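S.K.:
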Amino acid sequence: MLKLLFSSWGAEWGTAGLVFFVSAAVGRFAAEGMNTLQWCGAITAILASITAAVAVRVWKDEPSQAKVRINRD
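Basically my numbering = 1-based index in the sequence shown + 538.
#1: Please classify serine 546: is it buried, with 16 or more other beta-carbons within 10 angstroms of its beta-carbon, or exposed?
#2: Following the continuous alpha helix (DSSP H) through tryptophan 547, name the residue where it begins and the one where it ends.
#3: How far does the alpha helix (DSSP H) with arginine 595 in it reach, from first residue to last?
#4: I want to know whether the stretch 546-555 touches the stretch 590-598 - three or more CB-CB distances under 8 Å.
#5: Could you give the distance in angstroms between the alpha-carbon of glycine 579 and the alpha-carbon of valine 596?
#6: Candidates Val594, Thr582, Val606, Gln603: which alpha carbon is nearest serine 561's?
This is the structure we're talking about:
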């Protein structure tokens with residue numbers, strides 16, 4: 539079960555759920571009324587969850603090998 543949770547599929551769906559949950563929570567609190575400081579925190583939370591979702595999708599699976607030129611005299 540942990541293998542599925544920590545797989546790329548689980549990470550993609552987990553971050554998508556995070557974006558949905560944060561957006562729903564912000565929408566709920568916005569409907570009740572928020573002050574400026576709360577709006578700043580809400581925008582930061584939304585941007586952070588979107589950043590995490592994008593990072594999971596664009597991160598490479600395996601690191602690529604760096605090409606190194608060796609000078610042999």
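Quick reminder that beta carbons are idealized off the backbone N, C-alpha and C, glycines included.
Model, not experiment: these values are computed from the prediction.
M.R.: This is what the structure gives:
#1: With a 10 Å radius around the Cβ and a threshold of 16 neighbouring Cβ atoms, serine 546 comes out exposed.
#2: Per DSSP, tryptophan 547 belongs to the alpha helix (DSSP H) from 546-570.
#3: Per DSSP, the continuous alpha helix (DSSP H) segment holding arginine 595 begins and ends at 574-596.
#4: yes
#5: 26 Å
#6: For serine 561, the nearest C-alpha among the options comes from Thr582.
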